[in-house]
Amino acid sequence: MNPYILAILLFGLGLGTTITFASSHWLLAWMGLEMNTLAIIPLMTQHHHPRAVEATTKYFLTQATAAATLLFASVTNAWLTGQWEIQQITHPLPSTMITLALALKIGLAPLHAWLPEVLQGLDLTTGLILSTWQKLAPFALILQLQPSSSTLLIILGLTSTLIGGWGGLNQTQLRKILAYSSIAHLGWMILVLQFSPSITLLTLLTYFIMTFSTFLVFKLNESTNINTLATSWAKAPALTALMPLILLSLGGLPPLTGFMPKWLILQELIKQGLAPTATLAALSALLSLYFYLRLSYAMTLTISPNNLTGSTPWRLPSTQLTYPLATSTAMTICLLPLTPAISALLTS
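Now the structure itself:
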């Protein structure tokens, strides 16, 4: 892609998110979300592959549906209450509609079906943008909304953690596994949203760092399915040794960074008297952990000769920058001891 066009599209992505962040009016927020969607579509179709075009079409249709629902709900709210302010959603009908529209935008279960299909059709770089940056603007609106229906958020959160775990169990495609991982992590964030927005922000940040590391490792190895992971030990042995730690951090095992948000969320849910919800969420984390362990096994415990049908691909020197990967990997593995400091920073 022409670098000037790429720069304009990336600027559009940034501007759309910034407009949504800065808006207190529903129309402006909607406009920012639309700019975001329109800026990423050319990035998704840049390879002109039929799968990419199909993924882009699915993405456009779901995002357009969510944006139309959002606009309709905000107009309904203005009609019922005379308010266009984001924080003035008092009527339960527009509040529920907006929550569901934003859930569709970020891919929360049961409105998640588009996310694995779309991510599977994209290259890893665009997939990374879709899994991280594109979640920011809708999340900012959900945080400001603080919906009146707390039951709805808990149902969305629990469904997402369970479906995110179950859906990834039988997958062999890495991008689909990462999509289900994304659904499960978003479920954890939504569960605690109404009780502690600061913990939600911490979870979102941690999820971004861990996903960034995972995508960059797969990009460096040029891996898109489990079988091609089996040959990664020959390309980058040191990174292959670290990869299980990144994956187990995503799964939320101590003493890795990914344990921090899960620990704080479970603590907060029990504090609010939601012990059964916390138990279900913790059990659903075991489902996710299973497929992260599968990836770790395929990557590090199947050195040649192995029983996976992975053929060694032609290897060219990688042109990928390794500084971002090194930084994010260190953060993915080592941040747990800083939990008190990070919590204090977010709550102050």
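Once you know that position 231 of the sequence shown is 231 in the UniProt record's numbering, the rest is easy, because the numbers rise by one and skip nothing. We put the CB at the ideal spot given by N, CA and C, even for glycine.
Apart from the five residues just before and just after residue i, which ones in its own chain have a Cβ nearer than 6 Å to its Cβ?
i    : result
R175 : L119, Q120, G127
Q63  : T37
S23  : A29
L104 : A66, L111
S328 : I209, F212, S213
L108 : L156, S160, L186
Note down the Cα distance separating residue i from residue j, rounded to an integer number of angstroms.
i    : j    : result
C334 : T257 : 6 Å
T159 : A113 : 13 Å
R294 : T81  : 52 Å
G164 : K235 : 31 Å
S182 : L202 : 15 Å
W26  : L71  : 8 Å
I19  : I86  : 13 Å
Q267 : A330 : 26 Å
L242 : P254 : 15 Å
T45  : Y323 : 28 Å
I342 : K271 : 20 Å
I106 : T99  : 11 Å
P244 : Q88  : 46 Å
T17  : W233 : 38 Å
G32  : L10  : 14 Å
T200 : P50  : 37 Å
In this structure, what does DSSP give as the bridge partners for residue i?
i    : result
E34  : Beta-bridge pairing links E34 to no other residue.
Q173 : N225
E85  : H25
Using the beta-carbon count (16 or more within 10 Å), is residue i buried or exposed?
i    : result
T90  : exposed
L186 : buried
N77  : buried
Q171 : buried
P116 : buried
M1   : exposed
K262 : buried
Y292 : buried
W79  : exposed
G273 : exposed
A281 : buried
A52  : buried
T150 : Strictly speaking, residue 150 in this sequence is Ser, with Thr absent from that position. Exposed, since its Cβ has fewer than 16 Cβ neighbours within 10 Å.
L321 : exposed
S318 : exposed
I5   : exposed
A101 : buried
I8   : exposed
T347 : exposed
L141 : buried
L286 : exposed
L345 : exposed
L338 : exposed
Note down, in chain order, each residue of its chain lying with its Cβ closer than 7 Å to the Cβ of residue i, except the 5 sequence neighbours on either side.
i    : result
E34  : A67
S288 : G164, G165, G168, S181, A184, G251
A298 : I226, L229, A230, L308
L204 : F139, M189
Y290 : L169
Q173 : Q120, T224, N225
L15  : M35
Flag this pair as yes or no: are the beta carbons of residue i and residue j separated by less than 8 Å?
i           : j    : result
A55         : G12  : no
L152        : I265 : no
T300        : T240 : yes
A137        : N221 : no
W84         : S95  : no
V217        : L325 : yes
T302        : A238 : no
M197        : L143 : What sits at residue 197 in the sequence shown is Pro, not Met. Contact flag set, yes.
T332        : K219 : no
Q194        : Q146 : yes
T132        : F21  : no
L248        : S284 : no
T277        : I154 : yes
T214        : L178 : yes
M97         : T69  : yes
residue 355 : H47  : Shown here, the chain extends from 1 to 348; a query on residue 355 therefore has no answer.
For residue i, which residues in the same chain have their Cβ closer than 8 Å to its Cβ, ignoring the five residues on either side in sequence?
i    : result
I129 : L13, I40, L43
T206 : T257, G258, M260, P261, L335
F60  : T37, I41
L269 : L191, V192, F195, A275, T277, A278, A281
I246 : M210, S213, T214, V217, T329, T332, I333
Compute every distance between the C-beta of residue i and the non-hydrogen atoms of the ligand NAD, then say whether any falls below 7 Å.
i   : result
W30 : Of ligands this structure carries none, so the ligand NAD is not represented either.
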